[in-house]
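A.B. asks:
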Amino acid sequence: MSVRPSENPELIAAGISKRVLKKYWDRFDEILRSSQDRVDVDDLIGQFDVRAATVRKHLREFIRHFPDRLTALVGFYPDADTILNLAEMELGERVSADNLFAVNRASKRIVDAITRPRHERFLRAKLAPWLNGDVVSAPASELIDLMYEEYADFIHEADNALVSIAGRLNEEILLRALENSGLTRGRDFTRTGNNSEADILVHQQGGRRKTLYCEVKSYHARERFLRGLRDIPHREKVGVGFFRDPSEFNPGRTKTILQAQPLAVYLPEDTFERLDPESRQSVTAEQDRLYRPLSRFIPDALVFHEEGRLPPFQGD
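With our numbering applied, the sequence shown corresponds to residues 120 to 435, in that order.
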């Protein structure tokens, strides 16, 4: 039989107050262990007589210490570190230059497992009048109204949370890989705040003390990606992302990206391989290929840290 959080000496030694452990963590532990089904976070929050934000704050810290309990929850997004810890556990290896996309995919599976049940619960409740087992029999007009109005609103609300966690998570994958490669966070590289030039800065350790400005995007290279590159008024800048669609880097769009003058744009290997041949041959002002595989980002950042430049890249 496991020990209640309030009786766990390691948690007490970590400085977590006994009051918090008893009032919140013991209750979280009890609810998540006793339920036969996954618990919707809103139902869990409803069992406390304090503000939802307060419960979420304590729940986030609880999940940080007990990440396996996340599988018992629906609709709750922990911090990026917790998701990455779970992704590393799933893959059986730490984040590195060679597995950035694999970690991204594992992280997405974890986020999808949090998200999908809530969508299914919403849709089943709304479709209940027309459900016969798993078969829906309903007038098309009523289904269209449901999807266009109620479900669209539901998705919009859910997307706000997903966009936030996806952006933070994908930045954190790169940050952790830099850290695991031997660089020190806060000294050799930093994550910037909102409204800053770029998202990640990699600093040269000597010489002219140059900085590499890294604009990070999640899955799509829309106007925000191009605007982000244009807004960086420095020559030493690159774009990095887990982009899915090679058509976003067609020859016409590539010419526009080149006008923003990045030193490189890093793409997942499968996206890189499916680039239009003309796009793939495009070169920067330094006569290096514009597009590089994502697996090169960490080695290139290490070279920049040492020498204040990116290594040449001429193709495959």
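Each residue gets a CB set at the ideal place from its N, CA and C atoms; glycine is no exception.
1. Going by C-alpha distance, which of Ala383, Arg327, Ser300, His322 is nearest leucine 345?
2. Beta-carbon within less than 7 Å of alanine 420's beta-carbon, same chain only, minus the 5 sequence neighbours each way: which residues are those?
3. Could you name the residues of the same chain whose beta carbon sits closer than 7 Å to that of phenylalanine 95, not counting the 5 residues immediately before and after it, in chain order?
4. I'd like the span of the alpha helix (DSSP H) that includes leucine 320, first residue to last.
5. Spell out the partners DSSP gives aspartate 159 in its beta bridges.
6. Pick helix, strand or coil for phenylalanine 181, following the three-state DSSP scheme.
7. Kindly identify the DSSP beta-bridge partner or partners of threonine 309.
8. For glutamate 149, does the count of other Cβ atoms within 10 angstroms reach 16, so buried, or fall short, so exposed?
9. Helix or strand or just coil, what does DSSP make of proline 296?
10. Please tell me whether valine 335 and glycine 360 are closer than 8 Å, where the distance is taken between their beta carbons.
11. Using only the alpha-carbon positions, how far apart do glycine 194 and threonine 234 sit?
12. What's the C-alpha gap between arginine 213 and arginine 415?
13. Can you check whether the CB of valine 230 is closer than 8 Å to the CB of isoleucine 292?
14. Assign threonine 303 to one of two classes, buried (16 or more other C-beta atoms within 10 Å of its C-beta) or exposed (fewer than that).
15. Which residues does DSSP pair with alanine 383 in a beta bridge?
16. If proline 197 sits next to arginine 179, beta carbons under 8 Å apart, how far is it from one beta carbon to the other, in whole angstroms?
17. Please say whether tryptophan 249 and alanine 259 have beta carbons closer to each other than 8 Å?
18. Specify, as a first and last residue, the run of the alpha helix (DSSP H) that glutamate 126 falls within.
19. Do you know how far the Cα of arginine 408 is from the Cα of glutamate 426?
20. What would DSSP say about arginine 304, mapped onto helix, strand or coil?
21. Kindly indicate which three-state DSSP category lysine 329 falls into: helix, strand or coil?
22. Where does glutamate 397 fall in DSSP's three states?
23. Let's test the definition: count the other Cβ atoms within 10 Å of the Cβ of methionine 120 and tell me whether it reaches 16, buried, or not, exposed.
24. If you follow the beta strand (DSSP E) that arginine 411 is part of, which residue opens it and which one closes it?
25. Quick one: Cα of glycine 286 to Cα of arginine 228, how far?
26. Is any heavy atom of the ligand ATP found at a distance shorter than 7 Å from the C-beta of isoleucine 131?
27. What's the gap between the Cα of arginine 175 and the Cα of phenylalanine 362?
28. Which residues in the same chain have their Cβ closer than 6 Å to the Cβ of alanine 340, if we skip the five residues on either side of it in sequence?
29. Going by alpha carbons, who is nearest to glutamine 323 out of Val422, Glu290, Pro430, Leu203?
C.D. replies: According to the structure data:
1. As a position in the sequence shown, residue 345 is number 226, starting the count at 1. That would be Ala383, whose Cα lies nearest to the Cα of leucine 345.
2. Within the sequence shown, residue 420 is the residue found at index 301, counting from 1. Result list for alanine 420: Leu297, Val321, Leu331, in chain order.
3. No statement about residue 95 is possible, as the shown extent of the chain runs from 120 to 435 and does not include it.
4. Locating residue 320 in the sequence shown gives position 201, counting from the first residue. Here leucine 320 belongs to no alpha helix (DSSP H); instead the beta strand (DSSP E) covers 319 to 322.
5. Within the sequence shown, numbered from 1, the residue matching residue 159 stands at position 40. According to DSSP, which records beta bridges pairwise, aspartate 159 is partnered with Val193.
6. Along the sequence shown, read from residue 1 onward, the residue named residue 181 stands at position 62. In the structure shown, phenylalanine 181 sits in a helix (DSSP, three-state: H, G or I).
7. As a first step, residue 309 must be located in the sequence shown, where it is residue number 190. Note: threonine 309 sits in a beta bridge opposite Leu320.
8. Here the question's residue 149 lines up with position 30 in the sequence shown. So glutamate 149 counts as exposed.
9. Taking the sequence shown and counting its residues from 1, one reaches residue 296 at position 177. Per the sequence shown, residue 296 should be read as alanine rather than proline. Residue state for alanine 296 is assigned as helix, using DSSP reduced to three classes.
10. Taking the first residue of the sequence shown as 1, we reach residue 335 at position 216. Taking the first residue of the sequence shown as 1, we reach residue 360 at position 241. Going by C-beta atoms, valine 335 is nearer than 8 Å to glycine 360.
11. Translated into the one-based positions of the sequence shown, residue 194 becomes position 75. Translated into the one-based positions of the sequence shown, residue 234 becomes position 115. Between glycine 194 and threonine 234, the C-alpha separation is close to 6 Å.
12. As a position in the sequence shown, residue 213 is number 94, starting the count at 1. As a position in the sequence shown, residue 415 is number 296, starting the count at 1. Spanning the two alpha carbons is a distance of roughly 17 Å.
13. In the sequence shown, the residue the question calls residue 292 occupies position 173. In the sequence shown, the residue the question calls residue 230 occupies position 111. Their beta carbons are not under 8 Å apart, which means isoleucine 292 does not touch valine 230 by this criterion.
14. Counting from one through the sequence shown, the residue named residue 303 turns up at place 184. Exposed is the call here.
15. Residue mapping note: residue 383 aligns to position 264 of the sequence shown, counting from 1. The partner list for alanine 383 (beta bridge, DSSP) reads Val357.
16. On the sequence shown, residue 197 is found 78 positions in, with the first residue counted as 1. On the sequence shown, residue 179 is found 60 positions in, with the first residue counted as 1. Contact flag correct, Cβ pair sits at about 6 Å.
17. Working through the sequence shown from its first residue, we reach residue 259 at position 140. Working through the sequence shown from its first residue, we reach residue 249 at position 130. Pairing alanine 259 with tryptophan 249 gives a Cβ-Cβ distance that is not under 8 Å.
18. Looking up residue 126 in the sequence shown gives position 7. Taken as a continuous stretch (DSSP letters only), glutamate 126 belongs to no alpha helix (DSSP H), as it is neither H nor E.
19. By 1-based counting over the sequence shown, the position of residue 426 is 307. By 1-based counting over the sequence shown, the position of residue 408 is 289. So the alpha carbons of these two residues sit roughly 20 Å apart.
20. The residue given as residue 304 occupies position 185 in the sequence shown. Correct three-state label for arginine 304: strand.
21. As a first step, residue 329 must be located in the sequence shown, where it is residue number 210. Coil at lysine 329, not helix or strand.
22. Reading the sequence shown from its first residue, position 278 is the one you call residue 397. Residue state, collapsed to three classes: helix.
23. By 1-based counting over the sequence shown, the position of residue 120 is 1. Note that methionine 120 scores a pLDDT of 44, beneath 50, so its modelled location is shaky and nothing firm can be said.
24. Here residue 411 is taken as the residue at index 292 of the sequence shown, counted from 1. Where arginine 411 is concerned, the enclosing beta strand (DSSP E) stretches over 410 to 412.
25. Walking along the sequence shown from the start, residue 286 turns up at place 167. Walking along the sequence shown from the start, residue 228 turns up at place 109. Going from the Cα of glycine 286 to the Cα of arginine 228 covers about 15 Å.
26. The ligand ATP is absent from the structure shown, which contains no ligands of any kind.
27. Locating residue 175 in the sequence shown gives position 56, where the first residue counts as 1. Locating residue 362 in the sequence shown gives position 243, where the first residue counts as 1. Per the coordinates, the alpha-carbon of arginine 175 lies some 31 Å from the alpha-carbon of phenylalanine 362.
28. By one-based count along the sequence shown, residue 340 stands at place 221. Taken in chain order, the residues that qualify are Phe362, Glu367.
29. Position 204 of the sequence shown, counting from 1, holds the residue named residue 323. That would be Val422, whose Cα lies nearest to the Cα of glutamine 323.
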